[in-house]
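Structure record follows, encoded as structure tokens.
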Amino acid sequence: MAKSRRDIFTSFSFTQGEDVEAKVRLPYCDDLSLFQKYCTQCTDKPCVDVCEQEIIKIDDSGVPYLAFDLQGCTFCDDCIEPCPEDFLDATLPTIQGKIELNILKCFSWNQTMCFSCKDPCIDDAISFIGLFRPKIDEEKCTNCGFCLKVCPADAITIKGLL
């Protein structure tokens, strides 16, 4: 059976047409390759048990990631101490990720007054241009995730870096 042009070009793709979304990894590390190197060797995964917010989950390859389904990260440092590999650094209190605001979904950008995302942001990374245009300052944002679940429009996402 002959393949379509799309199938041929898709076969050249590394992911073969599937979107691969990187997970958001734990804070306190600026080299994401260390998670793959060390966490796959760790069998106990003590970071999961000590997380007070219960946002640390384990992916299929055995590497921990942050799931902002219900909460955000408080940067409590509790995941650093039990880590047997000792590669997390308390002097790096940020999460490697890319925060995005979808202005098509955002209530404020669509002329409905809403400040839900700004209220929980302790880093003051969300400002409003006028009353209806929230903007996220990526320099101030730590990607803690507290703004995600309070957004009634689900307009904010944090994507992991590859």
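Per the numbering used here, the very first residue in the sequence shown carries number 483; after that it's consecutive. Just so you know, even glycine gets a beta-carbon here, dropped at the ideal spot from N, CA and C. Quick caveat: nothing in here was measured; it's all calculated off a predicted structure.
Runs of the beta strand (DSSP E) spanning 3 or more residues and lying entirely within the region 552-600 occur at 579-583, in chain order.
Taking all protein chains in view, the Cβ of residue 611 is surrounded by fewer than 16 other Cβ atoms within 10 Å, so the residue is classified as exposed.
Per DSSP, residue 537 has no beta bridge partner at all. The C-beta of residue 604 has fewer than 16 other C-beta atoms within 10 Å across all chains shown, which makes the residue exposed. Following the DSSP letters along the chain, one finds residue 616 inside the beta strand (DSSP E) bounded by residues 615-618. Across the structure, residue 540 and residue 529 are spaced so that their CA atoms are roughly 10 Å apart.
Spanning the alpha carbons of residue 596 and residue 515 requires a straight line of approximately 38 Å.
Taking the C-beta atoms as reference points, residue 511 is found no nearer than 7 Å to residue 555. Under the criterion of beta carbons closer than 8 Å, residue 562 and residue 638 do not qualify as touching, at roughly 27 Å.
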